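Going by this note's numbering, the first residue of the sequence shown is number 58, and it counts up by one from there. Right, one structure below, let's go through it.
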Amino acid sequence: MTKRAPVLADFKRIVVKVGSSLIVDPNKASAKRAWLKRLADDLADLHRAGADVLVVSSGAVALGRSVLGLQKGALKLEDSQAADAVGQIALARLWAETLHDRGLVAGQVLVTLGDTEERRRYLYARECLTRLLSLRAVPVINENDTVATAEIRYGDNDRLAARVATMASADLLILLSDVDGLYSAPPDTNPDAQHIPVVPRVTAEIEARTGGAASQYSRGGMRTKIEAAKIATTGGAHMVIADGREEAPISRIAAGGRCTWFLTPSNPVTACKKWIAGSLEPKG
58 MTKRAPVLAD
68 FKRIVVKVGS
78 SLIVDPNKAS
88 AKRAWLKRLA
98 DDLADLHRAG
108 ADVLVVSSGA
118 VALGRSVLGL
128 QKGALKLEDS
138 QAADAVGQIA
148 LARLWAETLH
158 DRGLVAGQVL
168 VTLGDTEERR
178 RYLYARECLT
188 RLLSLRAVPV
198 INENDTVATA
208 EIRYGDNDRL
218 AARVATMASA
228 DLLILLSDVD
238 GLYSAPPDTN
248 PDAQHIPVVP
258 RVTAEIEART
268 GGAASQYSRG
278 GMRTKIEAAK
288 IATTGGAHMV
298 IADGREEAPI
308 SRIAAGGRCT
318 WFLTPSNPVT
328 ACKKWIAGSL
338 EPKG
């Protein structure tokens with residue numbers, strides 16, 4: 058029996074992840090303000106309906122590299138850190154102004170991998186998010202690339218968003234991307250590829266069929282999204298992958314637009330087990 062997709066209006070705490078390729082125009086290396094305004098309209102609708110809303114937003118490095126005149130393609134660590142330092146200011150201002158225009162207060166939260174792997178730091182970060190939400194603010198979260206190295210970083214915001222969903226006890230994670238979900242095969246190269254609307258459980262077969270490269274402005278791909286699905290669903294949150302390139306993408310999900318839902322087990326694990334299961338690099 059095929060399981061049905063959940064109803065968006067039923068969720069009470071929602072994490073929305075926005076990728077760099079959505080928020081930054083690759084041709085102009087500047088923010089897509091018109092698109093962001095429509096997304097903010099969606100977020101405001103969720104907020105007015107009573108849901109807690111958190112945003113995990115990429116885009117700082119992409120914005121900063123343009124300001125600093127850095128070349129396209131892969132950046133050296135120190136260049137990436139410099140671009141993040143400059144771009145994070147622009148990104149935070151962009152979100153704060155856009156949400157303010159809709160009566161919402163944004164709160165910037167920068168995290169590192171260690172903040173979700175070390176118990177004390179995890180609890181401090183969780184308390185910060187919980188307090189912001191109790192004040193009806195919208196936390197806008199990103200990885201702190203200025204202090205992260207290759208050995209101590211997420212490397213993509215898909216898994217970061219999944220850890221945030223677990224940390225905040227969210228019941229839904231929305232990954233907005235440049236794809237409209239999971240397929241039985243790569244749709245770009247296989248005309249017979251079929252869209253998969255609901256994934257009851259992330260299996261070894263699902264993991265084996267994923268792959269693909271990221272764009273010049275993003276570090277993720279379908280593989281990292283499947284890894285995020287494992288973290289989120291193990292932690293008690295449903296997850297959905299949807300095409301964010303369309304205007305008002307969350308409204309499209311609510312209206313039954315094409316996407317892929319990953320369902321969480323009916324019995325969520327405890328908060329402690331969530332933390333252990335979601336650790337990206339368990340220490341022996």
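Yeah, the Cβ is synthetic: ideal placement off N, Cα and C, and Gly gets one too. This structure is a prediction, so every number in the text was calculated from the model and none was measured.
Reference residue i, options the options, closest by Cα
i: F68; options: A222, I146, E184; result: A222
i: S115; options: E135, Q145, P306; result: Q145
i: N201; options: A88, P248, G171, N84; result: G171
i: K282; options: I298, V112, G292; result: I298
i: D235; options: R159, D300, G107, I71; result: D300
i: H104; options: L192, R178, A147, T173; result: L192
i: T291; options: A312, F319, A265, R315; result: F319
i: I253; options: A147, V64, L125, G314; result: G314
For residue i, the three-state DSSP class (helix, strand or coil)
i: R70; result: strand
i: G160; result: coil
i: L192; result: coil
i: E135; result: helix
i: T317; result: strand
i: V64; result: coil
i: E200; result: strand
i: A225; result: coil
For residue j and residue i, believed in contact at Cβ under 8 Å, the rounded distance
i: V197; j: V256; result: Actually they do not touch by this definition, with Cβ atoms about 28 Å apart.
i: A182; j: Q165; result: Rounded, the Cβ-Cβ distance is 13 Å, inconsistent with contact.
i: G121; j: A88; result: Going by Cβ atoms, the distance from G121 to A88 rounds to 12 Å, so no, they are not a contact pair.
i: I288; j: R216; result: 6 Å
Cutoff 7 Å; reference residue i; Cβ partners in own chain excluding five residues on either side
i: A250; result: Y240, S241, A242, P243, P244
i: R49; result: No answer is possible for residue 49: it lies beyond the span of the chain, which begins at 58 and ends at 341.
i: R178; result: G171, D172
Close beta carbons around residue i, own chain, < 8 Å, minus the five adjacent residues each side
i: I231; result: I71, V72, V73, K74, M296, V297, A299, I307, I310
Contact set for residue i: own chain, Cβ-Cβ below 6 Å, skip 5 residues either direction
i: V110; result: I71, L100, L103, H104, V195
i: A66; result: none
Any contact of the region 95–104 with the region 293–309, i.e. 3+ C-beta pairs under 8 Å? yes
Indicate whether the contact test is met: 3 or more Cβ pairs, each with one atom in the region 150–169 and one in the region 124–138, closer than 8 Å. no
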